[in-house]
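Asks:
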Amino acid sequence: MRNSTDDYAVFIHGMIALGHDRHWLRRNEVALRQRFARDAMPFPPVEAPEPRGRDRYEEI
């Protein structure tokens, strides 16, 4: 049986695999873990939103 930490890791890897921003997920890890602790699956991994033009940090 897996614990909630393993389930959280699977959830985050699923979000990244679908194209979500890993930096946003890392910055919001505390809030996401708190939400994940309350709900087994706070929201299903969904498709990432459409890209919003050029990333200003991409060229740095």
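One rule links them: number in our numbering = place in the sequence shown (from 1) + 6.
Every residue, glycine too, gets a C-beta built ideally from N, C-alpha and C.
#1: Under a three-way DSSP split, which group does glycine 20 fall into?
#2: CA-CA distance, alanine 23 and valine 16?
#3: Can you give me the start and stop residues for the alpha helix (DSSP H) that histidine 29 sits inside?
Replies: Straight from the coordinates:
#1: helix
#2: Alanine 23 and valine 16 have their C-alpha atoms some 10 Å from each other.
#3: 28-33
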